[in-house]
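Chemist:
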Amino acid sequence: MKKRALSLAIACTMAVTALAGCSGGSKETTAATTEGTKAETKAAETTASAGGQTTLKWSVWDISSTTYYQPLIDAFEKAHPDVKIEMVDLGSTDYQTVLATELTGSGSDFDVVTVKDVPGYMTLVNKGVLEPLDSYIDSSKVDLAQYKGLTDQIKVENKLYELPFRNDFWVMFYNKDIFDKAGVAYPTNDMTFEQYDKLARSLTVDTPGQEVYGAHYHTWRSAVQLFGVLDGKNTIVDGKYDFLKPYYDMVLKEQEDGVCQDYATLKTSGLHYSGAFAQGNIAMMNMGTWFISTLMDKIRTGEYTDCKNWGIVKYPHAEGVEPGSTLATITSLAIPANAPHKDLAWEFINFASGKDGAEILASTGTIPAVMNSTVADLVSSADGFPKADGTSVEALNTAKLYLEMPVNAKSSEIETVLNEAHDAIMTGSMTADDGIAQMNEKISAILGK
Amino acid sequence: MKVKSTNNKISRSLLYVVLLILTAAMLVPFAWMLSASLKLDKDVFIFPIRWIPQNPRWMNYIDIWTKIPLMTFVGNTVKITLIVTFLQILTSSFAAYAFAKLKFKYKDTLFMAYIATIAVPWQVYMVPQFMMMRNFGLNDSHLAIIFLQAFSAFGVFMMRQFYQGIPDELCEAARIDGMSEYQIYSKIMLPLSKPALSTLTIFTFVNTWNDFLGPLIYLKTESKKTLQLGLKMFISQYSSEYGLIMAASVLSLIPVLIVFLSLQKYFVEGIAATGVKG
Amino acid sequence: MAKTITEAQKQEKIAALHEKRDALSLLLRDAKRTHERDSLIAKIETIDEKIKKVRTGEILTRQEKRNLVAYSFIAPNFIGFAIFTLGPIIFAFVLAFMRWDGNSPMKFVGLKNFIDMIGNARFHSSFVNTIVYCIATVPLTLASALGLAVVLNQKIKGRNFFRTVGFFPYVASLVAVAAVWNMLFSPQKSGPVNMILYNLGVHAKSLPKWSADPHWVMFTIVLFSVWKNMGYYMVIYLAGLQGINAELYEAAGLDGCNSWQRFRYITWPQLQPTTFFVTIILTINCFKVYDIVYMLAGGSNGIVSSQAMVLVYHIYEEAFRNWNLGYSSAVAMVLFLMVLAITLVQFRGEKKYAN
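Chains as they are written, first to last, in my numbering: chain A, 6 to 454; chain B, 39 to 316; chain C, 14 to 368.
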């Protein structure tokens, strides 16, 4: 017994020594490579200053699954042969956290940063790490009218710190097969909420094992709450939320009657909206236009087989409001306050957010911030879009766009309260009235601070 | 005598029954993971759970290697984990010896500094630490992660606890024999502490292997990223491809399992055979 | 120069030191409080060492040499630790009295961050939840880890297999196991666990919604964390059990002790140092809990309700969503003081036990 233990001990020591030798070696190599990269960067800098290439560093997320980055870069580099654009992928889930950390202090060397959402934008503006773009916009004579008022909504104290290049908006996706099977007419681009609710109920089947859900709401608060802002009378940062009541009542009733899936279940199972829609038992789902390219792609590769016949229609609207009002989620580009090459960075932003960039984005099935009839045609002619269906093409034309989260210095704190109350209402741990009362109270307190 | 042995038998079989139930409780989630890794995404969440997929999709295990540069990620993780584990074991067993067996000035103060930092969550000093590392030029390098993980207070604390269990007489005797402290450490303490060392190895290995937030903040170049980042990248980019996510999870489990299995032997035979008994 | 002092100088120095020593001895005679006496005795001992040093002409006293050897042991770890962990932590603590968002200049605000905390409802619920979580998790984990370790320390068939299984949840990637767990504890009536409860006679309407249920969410989190971490502490206990002298059990066997008595009078007391270690680490880890809560109660949209909020989540939210680095450091300080208090109490206990 003892002998065996001894030999084991020897083996262990040997293993440790071997490990030590090996890892020590690889550590040296790390050091060497780091040195090497440093030297290279230095060399690159020297050549740049000597009139060679300048490298712009651009922060993005999901390089490999996003189709428009490379075409944008190619087009820009073609027009500026002395500029190279290097993308840095900060990952999508924690993008804003990582970006804010990266821009903290003064050591960052990003030239262009992508800003994912409004709370994230406000965080960066509050931290004072973004360069105001107004002087650049003036000197390049950019016509802000092409953004249809979006840029006015993201001004902070009359200054603009980002320029949108993508503008996704929410539409209603539907599965034609379910409508055909039930013998119900497809939804139209002009539905009131009442009609929408009725339609969803008429499609619902609650036979165990063959359930069909008339509607589907993803677990984001925007999927329910923001029905309420579409009449333009209220915003989500006013501190008064009683206008949300009818919409919560509608969705909670649907949930109770099995018209849509239970929020609590969706939340804990982590079912992604694309997975839900792909199961082929959801008639209608409200979602952003970013889902279009995913859907087309997955159907093309043969992965989604149960939702091949899909279409989109405009968002339902409240009585007496023009159809086509919907929510917008903008993605923008900005210049950090201590970017090394600000002028070149601006040129890239101006290009990507302008008409030329818009056409490149549109041809990949992405909705750009600058929308006109040429661009809309490009999107709807993308491979896999239900072109034959005039309603779906028409659904891409929007009337009025409201930001999911308007600009407010307290955006991120308000967001937290709204999310929490939404969660409490939807899981049934609070009634809609109590939840709304909580929002009223807490957000007034935040705004009053 | 006979009564006793029947009693023994009953309690023994009861023990096995309890153990088997416990094992089942432990294993159910992993069985689900394995079964999900062989399914199409849309079948993963179907109720009631079908444990053995009708058409096992082995493709999932091939696809993940091509969808993301998994090989690079695994290589990076292995490299970081080995270096961190080695440094951690070496430096903390070294320091712990002083804390457990030597008398010196400021001993309690220094040890309190270690203990105190165990109590501070990393999220608290993440930002100052990041700014400091960046000033050292360590942003986007593996060295940052290594420095971050290798000198943890936990290792020192744990090794000290184990050393304290070893009788002081052993060291005293060696000192009288004229051994220097370094010799006592390497010839007496190290061989004795194999069980503790293997425990620490397992913990360090697991922690480094599964660390997510650290690499997320520090590593940006794709060729430098680790396996956990890869997993997460997967989840966000192919958000609904649960089958692939589970396949990747299963793969990421294997190395940790191997380390545990190979070191487990030392737990069993470790102390019993190392001469503590005299 | 110092080395070539004359014999006379040496004597002079020794005399001076002796004078000091005598003065201290006089003080010592009058001192009444123990800690005063202790410090005086220590001072006298240092002087004695110095006298010896001068007499023998050595550069370092024996104690100084010993110190140096000890420091050489600590240095490799301590240098890295001081730079990469201790430094940032001290900086973070200074921040607790500042207002800072990482970019604009820091502003000293005194205790304002702590006062803000008192009025913050999210802080309140996270504080209470953290305590509840600790009180529930620590004893449960400790007991199950110890039980498992004792059972798996016996000579039974497939021991290694069972050990591995017990350790398995700990090594598994949290993302994956949390997803599985949420499936099993699905809030639906048709969820696997709920189905079992239903068949056991629980009324369909009173079936819990687990992590989506405000009354059950903490219970679910505790259950999960015991399941996930038990193996970790089991391994520490196993190592501790291996260290118990087998002769003790043999003697007990001769005295006719049953298994419970063996556990009560040998295993448990012999495991005291291990239990101390496990309790500290466990308590600290419980106070630091973050990811389990996030993964289980946060679900797919990351919204953690006020029934599941914990301190570290509050810290994270304030630091990285709102960039109130000062405030979040202040919360961290509170967390730190709580853990420190517990650690000190346990430290005292250990010292008492050791004596």
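Note that beta-carbon positions come from the ideal geometry of N, C-alpha and C, so glycine has one too. This structure is a prediction, so every number in the text was calculated from the model and none was measured.
One question on the structure: do leucine 40 (chain C) and leucine 30 (chain C) come within less than 8 Å of each other, judged by their Cβ atoms?
Modeler: Not in contact: leucine 40 (chain C) and leucine 30 (chain C) (Cβ atoms no closer than 8 Å).
Chemist: Can you list, in chain order, the residues of the region 30-58 of chain C whose Cβ is nearer than 8 Å to any Cβ on chain B?
Modeler: Listed by position along the chain: nothing, the set is empty.
Chemist: Taking the alpha carbon of isoleucine 441 (chain A) as the reference point, which residue from A:Ala363, A:Glu327 and A:Tyr253 has its own alpha carbon closest?
Modeler: For the residues A:Ala363, A:Glu327 and A:Tyr253, the minimum Cα distance to isoleucine 441 (chain A) belongs to A:Tyr253.
Chemist: Going by beta-carbon coordinates alone, are leucine 295 (chain B) and glycine 96 (chain A) separated by less than 8 Å?
Modeler: Cβ distance not < 8 Å, so leucine 295 (chain B) and glycine 96 (chain A) don't count as in contact.
Chemist: With DSSP as the reference, label glutamate 107 (chain A) as helix, strand or coil.
Modeler: If DSSP states are grouped into helix, strand and coil, glutamate 107 (chain A) belongs with the helices.
Chemist: At 4 residues or longer, and completely inside the region 55-114 of chain C: list those alpha helix (DSSP H) runs for me, N to C.
Modeler: The region 55-114 of chain C contains these whole alpha helix (DSSP H) runs: 75-94 and 100-108.
Chemist: Does DSSP put histidine 322 (chain A) in a helix, a strand or coil?
Modeler: Correct three-state label for histidine 322 (chain A): strand.
Chemist: Mapping DSSP to helix, strand and coil, what is histidine 228 (chain C)?
Modeler: Residue state, collapsed to three classes: coil.
Chemist: For the region 240-272 of chain B, list every residue whose C-beta sits within 8 Å of some C-beta in chain A, in sequence order.
Modeler: If the cut-off is 8 Å between Cβ atoms, the region 240-272 of chain B has Leu254, Ile255, Lys258, Thr259, Glu260, Leu267, Lys270 and Met271 near chain A.
Chemist: Judging by CA-CA distance, which residue of A:Gln151, A:Ile90, A:Val120 and A:Gly280 is the nearest neighbour of glutamine 58 (chain A)?
Modeler: Glutamine 58 (chain A) has its Cα closest to that of A:Ile90, out of A:Gln151, A:Ile90, A:Val120 and A:Gly280.
Chemist: With DSSP as the reference, label tyrosine 46 (chain C) as helix, strand or coil.
Modeler: Residue 46 (chain C) is actually arginine in this sequence, not tyrosine. Coil.
Chemist: Mapping DSSP to helix, strand and coil, what is alanine 134 (chain B)?
Modeler: DSSP places alanine 134 (chain B) in helix when its eight states are reduced to three.
Chemist: Would you say glutamate 425 (chain A) lies against chain C (beta-carbon separation less than 8 Å)?
Modeler: Taking Cβ atoms only, chain C reaches closer than 8 Å to glutamate 425 (chain A), which makes this a yes.
Chemist: Is the CB of glutamate 260 (chain C) under 8 Å away from at least one CB in chain A?
Modeler: So, not an interface residue.
Chemist: Touch check for the region 224-238 of chain C and the region 292-312 of chain C: three-plus C-beta pairs under 8 Å?
Modeler: Verdict: yes, contact present.
Chemist: Which word fits aspartate 249 (chain B), buried or exposed, when buried means at least 16 other C-beta atoms lie within 10 angstroms of its C-beta?
Modeler: So aspartate 249 (chain B) ends up on the buried side.
Chemist: Among residues of its own chain, excluding the 5 on either side of aspartate 182 (chain A), which ones have a beta-carbon nearer than 6 Å to its beta-carbon?
Modeler: Once the five neighbours on either side are set aside, the close Cβ partners of aspartate 182 (chain A) are Asn314.
Chemist: If we ignore side chains and look at the alpha-carbon of each, how far apart do asparagine 93 (chain B) and tyrosine 218 (chain A) end up?
Modeler: About 28 Å.
Chemist: Counting only runs that start and end within the region 336-374 of chain A, where is the alpha helix (DSSP H) found for 4 or more residues in a row?
Modeler: Qualifying alpha helix (DSSP H) stretches, in chain order: 347-358 and 360-368.
Chemist: Using 8 Å as the threshold, is the C-beta distance between threonine 241 (chain A) and proline 411 (chain A) below it?
Modeler: Correcting the residue identity first, residue 241 (chain A) is isoleucine in this sequence and not threonine. Yes. Within cutoff.
Chemist: Counting pairs of Cβ atoms below 8 Å between the region 338-349 of chain A and the region 258-273 of chain A, do you hit three or more?
Modeler: The answer is no - the region 258-273 of chain A does not touch the region 338-349 of chain A, with fewer than three Cβ pairs under 8 Å.
Chemist: Measuring CB atoms only, is the region 345-361 of chain A touching the region 58-68 of chain A, in the sense that at least three cross pairs come out at less than 8 Å?
Modeler: Verdict: yes, contact present.
Chemist: Could you give the uninterrupted runs of the alpha helix (DSSP H) lying entirely in the region 252-325 of chain C, keeping only those of 4 residues or more?
Modeler: Entirely contained in the region 252-325 of chain C, the alpha helix (DSSP H) runs reaching 4 residues are, in chain order, 259-267, 272-275, 285-300 and 304-310.
Chemist: Under the three-state reduction of DSSP, which class applies to leucine 124 (chain C): helix, strand or coil?
Modeler: Coil.
Chemist: Can you look up tryptophan 315 (chain A) in the DSSP assignment and give me helix, strand or coil?
Modeler: Reduced to three states, the DSSP call for tryptophan 315 (chain A) is strand.
Chemist: Between the Cα of glycine 110 (chain A) and the Cα atoms of B:Met170, B:Lys139 and B:Phe132, which residue gives the shortest distance?
Modeler: Checking every option, the nearest Cα to that of glycine 110 (chain A) belongs to B:Met170.
Chemist: Using alpha carbons as the reference points, say which of B:Phe192, B:Lys258, B:Ala151 and B:Leu52 lies closest to threonine 242 (chain B).
Modeler: Answer by Cα proximity: B:Phe192.
Chemist: For threonine 150 (chain C), which residues in the same chain have their Cβ closer than 6 Å to its Cβ, ignoring the five residues on either side in sequence?
Modeler: Val235, Ser238 and Cys299.
Chemist: With leucine 309 (chain C) and threonine 233 (chain C) assumed to form a contact (beta carbons below 8 Å), what rounded beta-carbon distance in angstroms separates them?
Modeler: Rounded, the Cβ-Cβ distance is 6 Å, consistent with contact.
Chemist: Using a Cβ-Cβ cutoff of less than 7 Å, which residues in the same chain neighbour threonine 19 (chain C) once the five nearest sequence positions on both sides are dropped?
Modeler: There are no such residues.
Chemist: Going by DSSP in three states, asparagine 242 (chain C) sits in which element: helix, strand or coil?
Modeler: Helix at asparagine 242 (chain C).
Chemist: In the DSSP assignment, the beta strand (DSSP E) including aspartate 94 (chain A) goes from what residue to what residue?
Modeler: Aspartate 94 (chain A) -> beta strand (DSSP E) spans 88-94.
Chemist: What is the DSSP secondary structure of phenylalanine 178 (chain A), reduced to helix, strand or coil?
Modeler: Three-state DSSP puts phenylalanine 178 (chain A) in a strand.
Chemist: Which residue's Cα is closest to the Cα of tyrosine 166 (chain A): A:Asp157, A:Asp173 and A:Asn172?
Modeler: Closest option to tyrosine 166 (chain A), Cα to Cα, is A:Asp157.
Chemist: Could you please tell me which residues of the region 103-115 of chain A, in chain order, have their CB closer than 9 Å to any CB of chain C?
Modeler: Those residues of the region 103-115 of chain A that come within reach of chain C (Cβ to Cβ, closer than 9 Å) are Ala105, Thr106, Leu108, Thr109, Gly110 and Ser111.
Chemist: In three-state terms, what does DSSP make of histidine 277 (chain A)?
Modeler: Histidine 277 (chain A) falls in the coil class under three-state DSSP.
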